[in-house]
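Chains as they are written, first to last, in the numbering used here: chain A, 1 to 335; chain B, 1001 to 1323.
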């Protein structure tokens, strides 16, 4: 009970519903600006837009503090921003600049900010579950009150290594929360064609308490995640949260041109009919909402300018940081 | 002087590092009972919180170790079967190895993976007899293959203290090696420093792991005919190119004996690099497993696809004849 109260106080002290709106709005507008930068060629390689899923990252991360850890996915911008990374350095990373979070070495799918507990977006589906579990276990061993959140999509629930992570987390009562963002699609495959049985039953089979929540409602996500985060903090082990959400855009921006045609206009319209930004925005007074929107626009204008004005990294140092110990690999040509 | 076995040397290195650094812990299958003997006595001395048995869940506990390392610990994993490296390769390569570069140097992943009993164990067949150090080195992971007890001690200590992932191959063919050692002289050995076991002037034989002992035996056999230098790189990656090229500059001839598959194996890299850098008096030669070998079960078949002393002696003689 004391833990719950503390969580609520923390949430309110960070701005409560206003802050939650600011986060979903920030992610929304960040992603829209990023898609523009893909189109203009400033972001090469494209992105997996987080559009439509903002309520999940924002709602879950509203319960986390600076010592807590998240691991994200290939569709990971929302997790990085919601955990508190600087949007300007994030945008610079997407643009491959030296000032980026990863100094231009990671890009969209590997953006990380260890300073705020983002142990990396991770582009191998299902692989970060065990990493988050190990990190949370280790921090507890080192005496730091840490909860780790492992975000993944519905596609990951068919990856064996994720299930191995569930087993270890449950066996060793690790303070980790597994958050499944079920957006209905694993790339181009419908979840109904990909998942046998139920998603939550996978976690329940390991004795991990699970819940399902409307991922389009940021407040609902926040409340459900708080139960899970509190459980982890209290030493009661892992939880599993399935968030039903919607992917408003393509799997990847390459589809904007590829037009794979697997998703009908009607289905897409239906998906977009429940918008987490609108849902949370409707809870705010108009003046508050407009103030936040203005703040976000200014922040992102600055972020884009910072990214585009930043230098590219020097190719001479392309493999700087390959080894933490400073080992230098041989070059690919010359003797 | 006390006698130290290879396995006991690894065990001693682990115990010393567990004692020296609270962040070090051991993770693996059957490590508390020490099924392979690598971890003998450690749970009694350091307790079950630091010597942790895992379920048969190689991808899971390998990723777990990556996460623990990212969060400040220094895990040591044991794989008792070299082929388990193939199961956990995804976690080691895509995450443990790549995180430093991908994050722009924000983190480090100091994990040590010990493969106790790499290569043929005599009669363990296709899925328990691999020796994939070339594969690990190819992707850029630091890779040590000690040949002697003192080197096993020193390289494992360095691996555990290193800030990057390191795989330590303990070849099955070397686990029984013993040597007289003054324990006071046991010390870390820097990764990337080779060792000349036997000085010679006519030809350089590069041997790795248990094959070092075969190379030394062959060098002794041929002592009346040729002065053979035996060079042991000790770590496959990073490789002591300066040490090797110095040796070959002196001898002008090179034979590599290597328990890798021939195609794109370590021997290929050694021959290529030396050929780029050192004028040779004769074409170099390799003795290795065949291309893409899978070890067959029956004893004669198992032996037929591993490098032998006879093959090495023949390669040395052939290389000495050519000029």
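Ideal Cβ positions, reconstructed from N, Cα and C, are used throughout, including at glycine.
- Rounded to the nearest whole angstrom, the CA to CA distance from residue 164 (chain A) to residue 306 (chain A) is 42 angstroms.
- The straight-line gap separating the alpha-carbon atoms of residue 1175 (chain B) and residue 1189 (chain B) is approximately 19 angstroms.
- For residue 1050 (chain B) and residue 69 (chain A), the gap between their C-alpha atoms comes out near 23 angstroms.
- Contact between residue 245 (chain A) and residue 47 (chain A) does not hold, since the beta-carbon distance rounds to 18 angstroms and is not under 8 angstroms.
- About 5 angstroms separates the beta carbons of residue 79 (chain A) and residue 57 (chain A), which is inside the 8 angstroms limit, making them a contact pair.
- By the criterion of a C-beta distance shorter than 8 angstroms, residue 293 (chain A) is surrounded in its chain by 25, once the five residues flanking it on both sides are discounted.
- Judged by DSSP in its simplified three-state form, residue 182 (chain A) adopts strand.
- Membership of residue 1020 (chain B) in any beta strand (DSSP E) is not indicated; the residue belongs instead to the alpha helix (DSSP H) covering 1006-1020.
- For residue 244 (chain A), the three-state secondary structure derived from DSSP is strand.
- Residue 326 (chain A) and residue 1083 (chain B) have their C-alpha atoms roughly 30 angstroms apart.
- By the Cβ test, the region 1157-1177 of chain B is not in contact with the region 1261-1273 of chain B, since fewer than three Cβ pairs between them sit closer than 8 angstroms.
- Rounded to the nearest whole angstrom, the CA to CA distance from residue 321 (chain A) to residue 1238 (chain B) is 16 angstroms.
- In the structure shown, residue 1204 (chain B) adopts extended strand secondary structure according to DSSP, grouped into three states.
- The region 1061-1069 of chain B makes no contact with the region 1032-1040 of chain B, as fewer than three CB pairs between them are under 8 angstroms.
- In terms of Cα proximity to residue 1152 (chain B), the closest of B:1086, B:1019, B:1177, B:1207 is B:1177.
- In chain B, no part has a C-beta under 8 angstroms from the C-beta of residue 99 (chain A); the shortest such distance is about 10 angstroms.
- With respect to chain B, the C-beta atom of residue 212 (chain A) has no partner C-beta closer than 7 angstroms.
- Under the Cβ criterion of 7 angstroms, residue 94 (chain A) is not counted among the residues facing chain B.
- Residue pairing by DSSP places residue 153 (chain A) opposite A:181 in a beta bridge.
- An exposed status is given to residue 1048 (chain B), since fewer than 16 other beta-carbon atoms sit within 10 Å of its beta-carbon.
- Of all residues in the region 1299-1321 of chain B, none comes within less than 8 angstroms of chain A when Cβ atoms are compared.
- For residue 1074 (chain B), no alpha helix (DSSP H) encloses it; the enclosing beta strand (DSSP E) starts and ends at 1074-1079.
- DSSP places residue 1197 (chain B) inside the beta strand (DSSP E), whose first and last residues are 1195-1198.
- Fully enclosed alpha helix (DSSP H) runs of no fewer than 4 residues occupy 1099-1102, 1133-1138 of the region 1096-1153 of chain B, in order along the chain.
- With a beta-carbon spacing of about 6 angstroms, residue 1230 (chain B) and residue 1216 (chain B) fall inside the 8 angstroms limit used to define contacts.
- Nearest to residue 146 (chain A) by C-alpha distance, out of B:1162, B:1072, B:1221, B:1165, is B:1072.
- For the region 29-72 of chain A, the continuous alpha helix (DSSP H) assignments of 4+ residues that do not extend past its boundaries occur at 54-61, in sequence order.
- The Cβ-Cβ distance between residue 110 (chain A) and residue 1102 (chain B) falls below 7 angstroms.
- From the beta-carbon of residue 321 (chain A), the residues of chain B found nearer than 7 angstroms are 1100, 1101, 1104, 1105.
- Residue 124 (chain A) reaches chain B at 1090, 1094, 1095, counting residues in chain order whose Cβ is nearer than 8 angstroms.
- The CB of residue 161 (chain A) comes closer than 7 angstroms to the CB of 1059, 1060, 1063 in chain B, given here in chain order.
- Under DSSP, residue 212 (chain A) forms a beta bridge with A:242.
- Scanning its chain for C-beta atoms nearer than 8 angstroms, with the 5 sequence neighbours on each side dropped, one finds around residue 1016 (chain B) the residues 1157, in chain order.
- For residue 1108 (chain B), the nearest beta carbon of chain A is closer than 7 angstroms to its own beta carbon.
- In chain order, 152, 156, 159, 161, 162 place their CB closer than 7 angstroms to the CB of residue 126 (chain A), counting only its own chain and leaving out the 5 sequence neighbours on each side.
- Classified as exposed, residue 1297 (chain B) has fewer than 16 neighbouring CB atoms from the shown chains inside 10 Å of its CB.
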